[in-house]
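S.K.:
There are 2 protein chains.
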Amino acid sequence: MKTKNVADEVLRAALALFAEQGYANTSVQQIVQAAGVTKGAMYHYFTSKDDLLFAIYERMLSLQKRRLDEITAAGGDTEAVLRAVCEDVVVTSIDFLPEGTVFFRSQHMLTPERQAEVKRRRREYHDKFAELIARGQEEKLFRDDVPVSVLIAHFFSDIHYLPHWYSHEGPENEAELAAQITELFLRSLRRADG
Amino acid sequence: MKTKNVADEVLRAALALFAEQGYANTSVQQIVQAAGVTKGAMYHYFTSKDDLLFAIYERMLSLQKRRLDEITAAGGDTEAVLRAVCEDVVVTSIDFLPEGTVFFRSQHMLTPERQAEVKRRRREYHDKFAELIARGQEEKLFRDDVPVSVLIAHFFSDIHYLPHWYSHEGPENEAELAAQITELFLRSLRRADG
DNA sequence: CGTTACATACCGACCAGACGGTTTGGAGTC
DNA sequence: GACTCCAAACCGTCTGGTCGGTATGTAACG
Numbered sequence: 001m002k003t004k005n006v007a008d009e010v011l012r013a014a015l016a017l018f019a020e021q022g023y024a025n026t027s028v029q030q031i032v033q034a035a036g037v038t039k040g041a042m043y044h045y046f047t048s049k050d051d052l053l054f055a056i057y058e059r060m061l062s063l064q065k066r067r068l069d070e071i072t073a074a075g076g077d078t079e080a081v082l083r084a085v086c087e088d089v090v091v092t093s094i095d096f097l098p099e100g101t102v103f104f105r106s107q108h109m110l111t112p113e114r115q116a117e118v119k120r121r122r123r124e125y126h127d128k129f130a131e132l133i134a135r136g137q138e139e140k141l142f143r144d145d146v147p148v149s150v151l152i153a154h155f156f157s158d159i160h161y162l163p164h165w166y167s168h169e170g171p172e173n174e175a176e177l178a179a180q181i182t183e184l185f186l187r188s189l190r191r192a193d194g
Numbered sequence: 001m002k003t004k005n006v007a008d009e010v011l012r013a014a015l016a017l018f019a020e021q022g023y024a025n026t027s028v029q030q031i032v033q034a035a036g037v038t039k040g041a042m043y044h045y046f047t048s049k050d051d052l053l054f055a056i057y058e059r060m061l062s063l064q065k066r067r068l069d070e071i072t073a074a075g076g077d078t079e080a081v082l083r084a085v086c087e088d089v090v091v092t093s094i095d096f097l098p099e100g101t102v103f104f105r106s107q108h109m110l111t112p113e114r115q116a117e118v119k120r121r122r123r124e125y126h127d128k129f130a131e132l133i134a135r136g137q138e139e140k141l142f143r144d145d146v147p148v149s150v151l152i153a154h155f156f157s158d159i160h161y162l163p164h165w166y167s168h169e170g171p172e173n174e175a176e177l178a179a180q181i182t183e184l185f186l187r188s189l190r191r192a193d194g
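Sequences listed follow chains A and G, in order. Under UniProt numbering, the residue at position 19 of the first sequence is numbered 19, and the numbers go up by one with no gaps. Under UniProt numbering, the residue at position 57 of the second sequence is numbered 57, and the numbers go up by one with no gaps.
1) Buried or exposed: which applies to G:Asp40, given that a residue is buried once 16 or more other Cβ atoms fall within 10 Å of its Cβ?
2) So, A:Val91 versus A:Leu15, is the Cβ gap smaller than 8 Å?
3) Please name the residue, chosen from G:Tyr125, G:Arg67, G:Leu61, that lies closest to G:Arg114 on a Cα-to-Cα basis.
4) To the nearest angstrom, report how far apart residue 195 of chain A and A:Arg67 are at their CA atoms.
5) Just to make sure I have the definition right: I need the residues of chain A whose C-beta is within less than 9 Å of the C-beta of G:Ser48. Which are they?
6) Starting from residue 201 of chain A, trace the alpha helix (DSSP H) both ways and give me its first and last residue.
7) Going by beta-carbon coordinates alone, are G:Ser48 and A:Ser157 separated by less than 8 Å?
8) G:Leu151 and G:Leu189 look like a contact to me (Cβ under 8 Å); what is the Cβ gap, rounded to whole Å?
9) Per DSSP, A:Arg190 forms a beta bridge with which residues?
10) Please classify G:Phe18: is it buried, with 16 or more other beta-carbons within 10 angstroms of its beta-carbon, or exposed?
11) Excluding sequence positions up to five away, which residues of its chain have a Cβ less than 6 Å from the Cβ of G:Phe46?
12) With A:Ala80 as the anchor, note down where its alpha helix (DSSP H) starts and where it stops.
13) Could you check if G:Glu87 is buried or exposed, using at least 16 other CB atoms within 10 Å of its CB as the buried criterion?
14) Compute the distance between the beta-carbons of residue 197 of chain A and A:Tyr166, then report whether it is under 8 Å.
15) List the whole-angstrom C-beta distance separating A:Ala13 from A:Ile31, where the pair is believed to meet the contact cut-off of C-beta under 8 Å.
16) Looking at the structure shown, is A:Asn173 part of a helix, part of a strand, or coil, going by DSSP?
17) Beta-carbon of A:Asp95 versus every beta-carbon of chain G: anything under 8 Å?
18) Taking the alpha carbon of A:Thr182 as the reference point, which residue from A:Asp144, A:Pro163, A:Glu58, A:Ile159 has its own alpha carbon closest?
19) With 8 Å set as the bound, which would you pick, yes or no: does the beta-carbon of A:Ala13 sit closer than that to a beta-carbon of chain G?
20) Which residues in the same chain as G:Val6 place their Cβ atom closer than 7 Å to its Cβ, once the five residues preceding and following it in sequence are excluded?
21) Tell me, to the nearest whole angstrom, how far the beta carbon of G:Asp50 is from that of G:Leu132; I am working on the premise that it is less than 8 Å.
22) By DSSP, does A:Ser27 sit in helix, in strand, or in coil?
23) Out of A:Gln29, A:Glu172, A:Arg187, point me to the one whose CA is closest to A:His82's CA.
24) Whole angstroms are fine: how far does the CA of A:Phe155 sit from the CA of A:Glu70?
25) So with Cβ pairs under 8 Å, would you call A:Ser188 a contact of chain G?
26) Taking its Cβ as the centre, do 16 or more other Cβ atoms sit within 10 Å of G:Glu99, making it buried, or is it exposed?
27) Please state the DSSP three-state secondary structure of A:Leu110.
28) Return no unless some Cβ of chain A is closer than 8 Å to the Cβ of G:Ser27.
29) Is there a Cβ of chain A sitting closer than 8 Å to that of G:Tyr43, yes or no?
30) Which of the residues in the segment 154-167 of chain A, read from start to end, lie with their CB under 9 Å from any CB of chain G?
31) Leaving aside the five residues before and after A:Asp78 along the sequence, list all residues of the same chain whose C-beta is less than 7 Å from its C-beta, in chain order.
32) Taking 8 Å as the threshold (beta carbon to beta carbon), is A:Lys2 in contact with chain G?
33) Of all the options G:Ser93, G:Leu184, G:Gln107, G:Ala73, which has the alpha carbon lying nearest to the alpha carbon of residue 199 of chain G?
34) Could you give the C-beta distance for A:Ala153 and G:Tyr43, rounded to a whole number, given that I count them as a contact under 8 Å?
35) At 7 Å on the CB atoms, spell out the chain A contacts of G:Arg105, in chain order.
36) Using a cut-off of 8 Å between C-beta atoms, extract the partners of G:Val146 located in chain A.
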């Protein structure tokens, strides 16, 4: 149990510092100091500074994938499922705002192998998302005059941008915001004639 | 004339390296080496590494603002102006992809004063953009059931995301893509009943 | 035209300190 | 006494930035 606490505390501190100052600009010294442990302790649980960063990615990727799987497994008509997926990922992104900041800003700081791993896992997610849109197109619900890749980028851009502008002090309630963003996306996605 | 070349060459090299490796991960040594000049020459024209970064921001901010001013000055009905503005900023962002990468990724590496300056200039841009949307709302063209701040974020998220997924080798023609993204945005912006 | 006076442009060796990471050693537990 | 867990001292490398010095240009003066 103590084991967990040290490693967790280090990760927590690393996340906060990476989000605030960026990965390359944060020293291992700062991290262990903020976590209240020593370098020896940290290097006992992690093999490198890079390892710390990847642990953050690992957590995010697993979480997102799990939630996507749960929602699609529950089933329902295409637009309802897509709406649920979109709203959920917005809410989740708000709940994990620092993770998002680090996630999108520091990907290029990972070792090439780990970058590839992150890319692979993200593509898995995108592909499953693309399937939903393709299904909607077959059902003549969604437009097909714009490439699916553009439609997907159009949605994920909102997710990506959230950490840059959303403030917990702001007026927006997170569930409400999720509904609004999702509605904007679905509106642009639907056929004009449908 | 020689003066210009050295400073320009340094900026060009810095931009490429910052985009590729990130600001904090790029050394002054690498920059001057890539530019084919010495550190002494560089520090003759720039006062610090930070100065280099800010010069990149300065160029981008000036360019965007100038283009926005030109388009709004030309006039026209609200949706046409907004469409022109949106398409232009997409195209410009594609033309300046490395600048965009650095712009969005390394803002937090600037000194606090310069961060504030960038923020101020960006707000200027946003405010002018917001005016267009407000005008469209008054004319009952655009929806008003979603906060303007959310609508703006919804559009700029696409701009922000471009450097992360757009590839010059890809199938998308830039003007076409600009039209598509703009159309998606406008569709979600218009009143449902209108 | 020769000479002095000064500015601008640039070189590259150099520095102090911070960096990520390693090693050593000891305290606690089984 | 073997093992886990961690503290602290330590190491070689690389960093942004500095500085003494030089090369080139140009303007003024006699």
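We put the CB at the ideal spot given by N, CA and C, even for glycine.
M.R.: Quick answer:
1) The count along the second sequence starts at 1 and reaches residue 40 of chain G at position 40. Correcting the residue type first, residue 40 of chain G is Gly in the shown sequence and not Asp. Result: exposed.
2) The residue given as residue 91 of chain A occupies position 91 in the first sequence. The residue given as residue 15 of chain A occupies position 15 in the first sequence. For A:Val91 and A:Leu15, no; Cβs fall outside 8 Å.
3) In the second sequence, residue 114 of chain G corresponds to position 114, counting from 1. Checking every option, the nearest Cα to that of G:Arg114 belongs to G:Leu61.
4) This structure leaves residue 195 of chain A out entirely; chain A is present only between 1 and 194.
5) Working through the second sequence from its first residue, we reach residue 48 of chain G at position 48. By Cβ distance, chain A contributes nothing, its closest Cβ being about 15 Å from G:Ser48, past 9 Å.
6) Here chain A comprises residues numbered 1 to 194, so residue 201 of chain A is not present and cannot be evaluated.
7) Reading the second sequence from its first residue, position 48 is the one you call residue 48 of chain G. Reading the first sequence from its first residue, position 157 is the one you call residue 157 of chain A. Their beta carbons are not under 8 Å apart, which means G:Ser48 does not touch A:Ser157 by this criterion.
8) In the second sequence, the residue the question calls residue 151 of chain G occupies position 151. In the second sequence, the residue the question calls residue 189 of chain G occupies position 189. About 6 Å; that satisfies the 8 Å criterion.
9) The count along the first sequence starts at 1 and reaches residue 190 of chain A at position 190. BP columns for A:Arg190 point to A:Phe142.
10) Residue 18 of chain G sits at position 18 when you count from the first residue of the second sequence. So G:Phe18 ends up on the buried side.
11) Along the second sequence, one-based indexing puts residue 46 of chain G at 46. Only Leu52 meet the Cβ criterion.
12) Counting from one through the first sequence, the residue named residue 80 of chain A turns up at place 80. Here the alpha helix (DSSP H) through A:Ala80 covers 78-95.
13) Start at 1 with the first residue of the second sequence, and residue 87 of chain G comes out as number 87. Buried: at least 16 other Cβ atoms inside 10 Å.
14) No answer is possible for residue 197 of chain A: the residues shown for chain A start at 1 and end at 194.
15) Taking the first residue of the first sequence as position 1, residue 13 of chain A is located at position 13. Taking the first residue of the first sequence as position 1, residue 31 of chain A is located at position 31. Contact flag correct, Cβ pair sits at about 5 Å.
16) Numbered from 1 along the first sequence, position 173 holds the residue referred to as residue 173 of chain A. Residue state, collapsed to three classes: coil.
17) In the first sequence, residue 95 of chain A corresponds to position 95, counting from 1. No, no contact with chain G.
18) The residue labelled residue 182 of chain A in the question sits at position 182 within the first sequence. Nearest option by C-alpha distance: A:Ile159.
19) Taking the first sequence and counting its residues from 1, one reaches residue 13 of chain A at position 13. Chain G, which has no Cβ nearer than 8 Å to the Cβ of A:Ala13, makes this no.
20) To locate residue 6 of chain G, count along the second sequence from 1; it is residue 6. So the qualifying residues of the chain are Val37, Ala41, Tyr45.
21) Within the second sequence, numbered from 1, the residue matching residue 50 of chain G stands at position 50. Within the second sequence, numbered from 1, the residue matching residue 132 of chain G stands at position 132. Contact flag wrong, Cβ pair sits at about 34 Å.
22) If you number the first sequence from 1, residue 27 of chain A lands on position 27. Correct three-state label for A:Ser27: coil.
23) On the first sequence, position 82 is the one that residue 82 of chain A refers to. Residue identity differs from the one stated: residue 82 of chain A is Leu in this sequence, not His. Answer by Cα proximity: A:Arg187.
24) Within the first sequence, the letter at position 70 stands for residue 70 of chain A. Within the first sequence, the letter at position 155 stands for residue 155 of chain A. So the two alpha carbons sit approximately 20 Å from each other.
25) In the first sequence, the residue the question calls residue 188 of chain A occupies position 188. Yes, because at least one Cβ of chain G sits closer than 8 Å to the Cβ of A:Ser188.
26) Counted from its first residue, the second sequence places residue 99 of chain G at position 99. With 16 or more other Cβ atoms within 10 Å, it is buried.
27) Sequence index remark: in the first sequence, residue 110 of chain A carries index 110 (1-based). DSSP places A:Leu110 in coil when its eight states are reduced to three.
28) Sequence index remark: in the second sequence, residue 27 of chain G carries index 27 (1-based). For G:Ser27, the answer is no, since every Cβ of chain A falls outside 8 Å of its Cβ.
29) Walking along the second sequence from the start, residue 43 of chain G turns up at place 43. Closer than 8 Å: no.
30) His154, Phe156, Ser157, Asp158, Ile159, His160, Tyr161, Leu162, His164, Trp165, Tyr166
31) Numbered from 1 along the first sequence, position 78 holds the residue referred to as residue 78 of chain A. Note that residue 78 of chain A corresponds to Thr in the displayed sequence, not to Asp. Cβ within range, chain order: Leu132, Arg135, Gly136, Glu139, Leu141.
32) Residue numbering aside, residue 2 of chain A sits at position 2 when the first sequence is read from its first letter. Caution applies to A:Lys2, whose pLDDT of 45 falls short of 50 and renders its modelled position unreliable; the value that the coordinates give is listed next. Cβ-Cβ to chain G under 8 Å: no for A:Lys2.
33) The structure shown does not extend to residue 199 of chain G, since chain G is modelled only from 1 through 194, so no value can be given for it.
34) Stepping through the first sequence from its first residue, residue 153 of chain A is reached at position 153. Stepping through the second sequence from its first residue, residue 43 of chain G is reached at position 43. With a Cβ gap of about 41 Å, A:Ala153 and G:Tyr43 do not count as contacting.
35) For this step, residue 105 of chain G is matched to residue 105 along the second sequence. Arg105, listed in chain order.
36) The residue given as residue 146 of chain G occupies position 146 in the second sequence. Within 8 Å Cβ-Cβ: Gln180, Glu183, Leu184.
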